[in-house]
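> Got a structure for you, written out below as C-alpha cells; questions coming shortly.
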Amino acid sequence: MYGAGDSRGALDRAAATERAARARSGWYARYLWIFAAGQSVLVPMALLWHGPAAALTFTLAMTALVTGLSLYAVRQRIVRRGFGVRHGVLIGSWAAVYSASILFGQLVFVDSRPFAVVAASACALPLVAGAVLERRRSS
42 MYGAGDSRGA LDRAAATERA ARARSGWYAR YLWIFAAGQS VLVPMALLWH
92 GPAAALTFTL AMTALVTGLS LYAVRQRIVR RGFGVRHGVL IGSWAAVYSA
142 SILFGQLVFV DSRPFAVVAA SACALPLVAG AVLERRRSS
C-alpha cells in the first residue's frame, strides 16, 4: 500500500501545481483585456454600420478576434481549478449584455452614437471586471 511519504509527496506535487497555475494565470487577464478592448470597436461597428460590406467587415473582425484569442488560450499549459465555470459565467454575462445591446440598438436606439458608446462600455464591463478579479486571484 501507500505510506505517509507517498501521501505527503502527492500533496506537495499538488501544491506545487497550484502555485504554478496561480503564477502563470496572468494570461487569462491579458485575454480578457484584449477582448474588452475589442468591444470598443466591434459594438459600435455592429450598431452603426449597415449593409453587406458592414456585415462582412464585422464578421471578419469578430472572427479574427475570437480565433486569435482562442489560439492564445489553447496554447496555455496551465489553468487553475474552476477555470471552466468562471470562464463560462463571464462569457455568459458578456453574451447577455452584448445581445441586449444589439437588440436595443437595432430596435430602440437606431443609429444612436451615444448609445453605441454606452453599449460598448457595457459590453466591456464584465470582461474588465473578470480581468481585474483574475489579476487579484493570481497574486
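Just so it is clear: in the sequence shown, position 86 is 127 by my numbering, and no numbers are missing. All residues carry an ideal CB built from backbone N, CA and C; glycine is no exception. Note that the structure is predicted; figures quoted are calculated from it, not measured.
Cα-Cα, which of Ser179, Arg177, Leu144 is closest to Cys164?
Ranking the options by Cα distance to Cys164, first place goes to Leu144.
> Quick check on Arg154: does DSSP put it in helix, strand or coil?
Note: Arg154 maps to helix in three-state DSSP.
> Looking at Ser142: is its Cβ nearer than 8 Å to the Cβ of Ala170?
No. Outside cutoff.
> Under 8 Å between the Cβ atoms of Tyr72 and Leu110?
In contact: Tyr72 and Leu110 (Cβ atoms closer than 8 Å).
> Measure the CB-CB distance between Ala79 and Leu106 and report whether it falls below 8 Å.
Residue identity check: residue 79 is Gly in the sequence provided, not Ala. Yes, the Cβ-Cβ distance between Gly79 and Leu106 is below 8 Å.
> Alpha helix (DSSP H) containing Gly109: first to last residue?
Segment 93-115, the alpha helix (DSSP H) holding Gly109.
> May I have the straight-line CA-CA distance separating Leu112 from Thr104, to the nearest angstrom?
Cα to Cα, the separation comes out at about 12 Å.
> What's the gap between the Cα of Glu175 and the Cα of Leu88?
Near 30 Å, if we compare the C-alpha coordinates of Leu88 and Glu175.
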